[in-house]
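Single-structure report; data block below.
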Amino acid sequence: MIQHVPNLLSLGRLVSVPIEVWLILEGEMTWAFWLFVIAGASDGVDGFIARFWRARSALGAYLDPVADKALLVCTFLALAKAGHLPTWLVVLVVSRDIMIVGGVLLLYNLRIAVVMQPSFISKVNTLVQILLAGGILAIVGLELESFEPLVRPLFFLAAATTLASGAVYLAQGWQLLNAPPRVPPPVG
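Numbering (the working numbering), first residue to last: 3 to 190.
This is the structure:
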């Protein structure tokens, strides 16, 4: 039974995405903040359970990052629509993710094997984006305006890490596209 818990938590996070967007667009920022916190906590819990109880699965390998990305990107889009995030930053974040997905699809169609391993800068980028979205939700939803000076620098840090992470993925994709074809060893 425990082997299914990480996938159920990831699925729950994915299901929470439209609720999160709706809460933000309706101005229910306190509820949006707490849902974002619960979703983030579920990500940590599902990862812990998957590692500790060796409950990793092929489905989870896809479902977990899709749920994480969907929550973060949709939260960014909703925060921009609600006027809490600058459009230029959201365009940058979404464009990077579209580039990554497009690159993976291109490599897949060219029958080039891709093993998705996030780079260090990509992990930093995700952390900064989470802190930025959570910080804005906390400032608006919990009326913590005094934290605004702490969150403002995250706009530029998110932009810088998004650009750096995109460049790393672009370089990795370029290497895969230009690598010599792998020839299977002779039999015999």
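Glycine is no exception: its CB is placed at the ideal position from the N, C-alpha and C atoms. Here the structure is a predicted model, which is why all the values come from computation and not from measurement.
State the CB to CB distance for the pair residue 74 and residue 135, rounded to an integer number of angstroms; the pair is presumed to be in contact (CB under 8 Å). 7 Å
Close beta carbons around residue 130, own chain, < 7 Å, minus the five adjacent residues each side: 156, 159, 160, 163
Separation of residue 34 from residue 85, as counted between CA atoms: 15 Å
In angstroms, rounded to a whole number, what distance separates the CA positions of residue 80 and residue 65? 22 Å
Inspect the CB distances between the stretch 115-128 and the stretch 11-19 and report whether three or more fall short of 8 Å. no
As a quick exercise: from 174, 143, 41, pick the residue whose alpha carbon is nearest that of residue 102. 174
Can you look up residue 115 in the DSSP assignment and give me helix, strand or coil? Looking at residue 115 - three-state DSSP - the assignment turns out to be coil, as it is neither helix nor strand.
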